[in-house]
Amino acid sequence: MIEVKSIDKPDERRDFPRGHLEVCNLSGLTFGVATFEPGWRWSESVKPIVGTESCQVHHNGFVAAGRLRLRMDDGTEAEAGPGEVFVCPPGHDAWVVGDEQAVVYDFAGGAADYAKAKPS
Numbered sequence: 000m001i002e003v004k005s006i007d008k009p010d011e012r013r014d015f016p017r018g019h020l021e022v023c024n025l026s027g028l029t030f031g032v033a034t035f036e037p038g039w040r041w042s043e044s045v046k047p048i049v050g051t052e053s054c055q056v057h058h059n060g061f062v063a064a065g066r067l068r069l070r071m072d073d074g075t076e077a078e079a080g081p082g083e084v085f086v087c088p089p090g091h092d093a094w095v096v097g098d099e100q101a102v103v104y105d106f107a108g109g110a111a112d113y114a115k116a117k118p119s
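Mapped onto numbering that gives the first Met the number 0, the consecutive letters of the sequence shown carry residue numbers 0 to 119.
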């Protein structure tokens with residue numbers, strides 16, 4: 000079965016401080032488009048929603064605009080900018096670098112749970 004969806008008409012939008020995530024659900028893929036405003040940081044904007052010490056979502060990402068800095072729980076850091084692809088396993092923080100909005104496409108399927116409160 001072939002499925003085609005437009006990111007201009009996502010199935011769901013999740014808003015959080017200084018950003019939002021738009022999600023398209025397809026068979027075998029949850030695709031996310033994250034928009035992060037300058038000053039966005041996971042540990043400040045999303046951590047209070049999910050309640051974990053660091054992001055526990057795996058990301059296979061493509062940076063369409065802006066710059067994103069990633070720091071693993073072990074202190075390892077990397078930065079990704081426009082046109083770059085990255086893989087980031089669970090256990091990290093991330094933030095926007097500079098004063099430009101960052102737009103990231105996530106192909107890992109982690110968008111299914113990203114910025115969702117854990118059931119109590």
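The beta carbon of each residue, even a glycine, is placed where N, CA and C say it ideally should be.
Boundaries around Glu-76 are those of the beta strand (DSSP E), 76–79, since no alpha helix (DSSP H) includes it. Straight through space, the alpha carbons of Gly-31 and Cys-87 are spaced by roughly 15 Å. By a beta-carbon distance limit of 8 Å, Pro-37 does not contact Glu-76. Their separation comes to about 19 Å. Closest in alpha carbon position to Lys-115, among Asp-92, Ala-79, Arg-13 and Ile-6, is Arg-13. Between Asp-7 and Val-22, the beta carbon gap of about 13 Å keeps them out of contact (Cβ cut-off 8 Å).
Close CB contacts of Glu-2 within its chain, under the 8 Å cut and outside five residues either way in sequence, are with Leu-25 and Ser-26 (chain order). Thr-51 counts as exposed, since fewer than 16 other C-beta atoms from the protein chains shown sit within 10 angstroms of its C-beta.
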